[in-house]
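This report concerns only the one structure given below.
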Amino acid sequence: PPRRLFFVSSTSVYAQTDGEWVDEASPTQPTHFSGQYVRQGETLCLASSIPATVVRLGGIYGPERTRLLNNVRQGKATLHPGKTHYTNRIHRADCAGMLHHLIQIETPKDCYLGVDCAPASKREVYGWMAEQMGAPVPLESDTQSTSRRAQSNKRCRNTRLLDEGYVFSYPTYKEGYTEMINALGWGKGRNE
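Residue 1032 in the working numbering sits at position 125 of the sequence shown, and the numbers go up by one each step.
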């Protein structure tokens, strides 16, 4: 039998909507069907006869995952007025690197948050992207989105992963998106 089962999950298992900090011990009460099914998968894996580890990933970005950059560059990204809306992400290289790192550990914990070291507000991320690309700063829109992502609002801590010795290649969104912007030739002054 396998030594350990790794279940790649999602931070969508958390239902926090007010910018709360969450970690592996925070309550999971997913409100949308996808988060509910993912949580059921976690429960099944952790209850199996094979030792299991759940890795809850934030939003994955990296090469060929340019939708957000495109939206900001083309002036299509909008911000919701009102409270600060936090997002959590991880570069795809760190997804693979983190999983490789955890597999090497003799007895990893039962759960880890796979997010970078800097949960940040949409306003901060979009504004920074716009500045880097010389694009217009996204405007606020009164249009309320009912999407799962628009309703989610939490800040995920990756302390447990760092305590296991993982070193991020892209510790914040800035390192990863800077590399992508440069590779795409979308840096400020080249956005004509």
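Ideal Cβ positions, reconstructed from N, Cα and C, are used throughout, including at glycine. As the structure is a prediction and not an experimental result, all values here were calculated from the model.
Query	Result
Taking C-alpha atoms, which residue in A1027, E1086 and R996 lies nearest to R963?	R996
Hey, how far is the Cα of L951 from the Cα of V915?	13 Å
As a quick exercise: from I1010, S1028 and R911, pick the residue whose alpha carbon is nearest that of H992.	S1028
If you follow the beta strand (DSSP E) that R996 is in, where does it begin and where does it stop?	R996 to H998
Give the secondary structure of A959 by DSSP, where H, G and I count as helix, E and B as strand, and everything else as coil.	strand
Compute the Euclidean distance between the alpha carbons of G1004 and F1075, then round it to the nearest angstrom.	8 Å
Between R1067 and D1023, what straight-line distance do the alpha-carbon atoms span, to the nearest angstrom?	12 Å
Go ahead and label Q1039 buried or exposed: buried means 16 or more other beta carbons lie within 10 angstroms of its beta carbon, across all protein chains shown.	buried
Could you tell me the boundaries of the alpha helix (DSSP H) in which E1038 lies?	K1029 to M1040
Please work out which residues of its chain come closer than 8 Å, Cβ to Cβ, to I1012, disregarding the five sequence neighbours upstream and downstream, and give them in chain order.	E1071
Sorted by chain position, which residues of the same chain lie with C-beta nearer than 7 Å to G965's C-beta, five sequence neighbours on each side aside?	T918, N995, R996, I997, G1021, V1022 and C1063
Find the nearest neighbour of F913 within the set P958, V929 and T938, judged by alpha-carbon distance.	P958
On the CB-based measure, 16 or more other CB atoms within 10 Å of its CB, does D1001 come out buried or exposed?	buried
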